[in-house]
Amino acid sequence: MYSAFKAFTNKDMLELLKKEGLETKIERGNRVFPVTDNAESVVDALYRRLKKQKVEIITSAKVTGIKVEDKKVKKVEYLLNNVKKEILADKVILATGGASYKETGSNRRWL
Numbered sequence: 004m005y006s007a008f009k010a011f012t013n014k015d016m017l018e019l020l021k022k023e024g025l026e027t028k029i030e031r032g033n034r035v036f037p038v039t040d041n042a043e044s045v046v047d048a049l050y051r052r053l054k055k056q057k058v059e060i061i062t063s064a065k066v067t068g069i070k071v072e073d074k075k076v077k078k079v080e081y082l083l084n085n086v087k088k089e090i091l092a093d094k095v096i097l098a099t100g101g102a103s104y105k106e107t108g109s110n111r112r113w114l
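Below you can see the structure in the form of structure tokens.
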């Protein structure tokens with residue numbers, strides 16, 4: 004992840020949030036928060052950005068396979084509501100986990 008964090012800095016993130024209409028504030032210890040004081044505002048801003056980029060978001064699916072050819076992703080196979088599906092893709096972000104710490108605003112199931 005080091006190369007990703009070098010390529011996209013915290014300043015880049017703040018600029019992206021601003022472009023998506025989310026203002027931020029700096030509090031004690033140089034911690035940055037949305038002016039709404041609601042973590043869901045950040046999720047909403049990122050979701051808007053993904054939709055603008057035409058990123059397809061699939062949630063609550065069980066990935067059953069990622070097909071790779073010549074070291075490149077070509078297809079993702081998954082189960083959704085017990086139905087086998089697949090999507091052609093050249094890039095994939097696979098995220099696992101869920102709401103784990105309500106006190107931080109992590110109480111929302113993904114869209």
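Taking the working numbering, the leading residue of the sequence shown gets 4, the next gets one more, and so forth.
Glycine is no exception: its CB is placed at the ideal position from the N, C-alpha and C atoms.
The structure presented is a predicted model; accordingly, all values stated were derived computationally and were not measured.
Residue burial classification, residue i (beta-carbon count within 10 angstroms, cutoff 16)
i	result
residue 86	exposed
residue 79	buried
residue 44	buried
Distance, residue j Cα to residue i Cα
i	j	result
residue 66	residue 93	16 Å
residue 81	residue 46	24 Å
residue 14	residue 96	23 Å
residue 83	residue 16	32 Å
residue 64	residue 98	11 Å
residue 88	residue 36	39 Å
residue 51	residue 11	18 Å
Whether residue i touches residue j by CB criterion (8 Å)
i	j	result
residue 42	residue 20	no
residue 77	residue 91	yes
* Asked: Using 8 Å as the threshold, is the region 56-73 in touch with the region 8-26, meaning 3 or more CB pairs across them?
  -> no
* Asked: If you scan the region 10-49 from start to end, which runs of the alpha helix (DSSP H) of 4 or more residues do you find wholly inside it?
  -> 13-22
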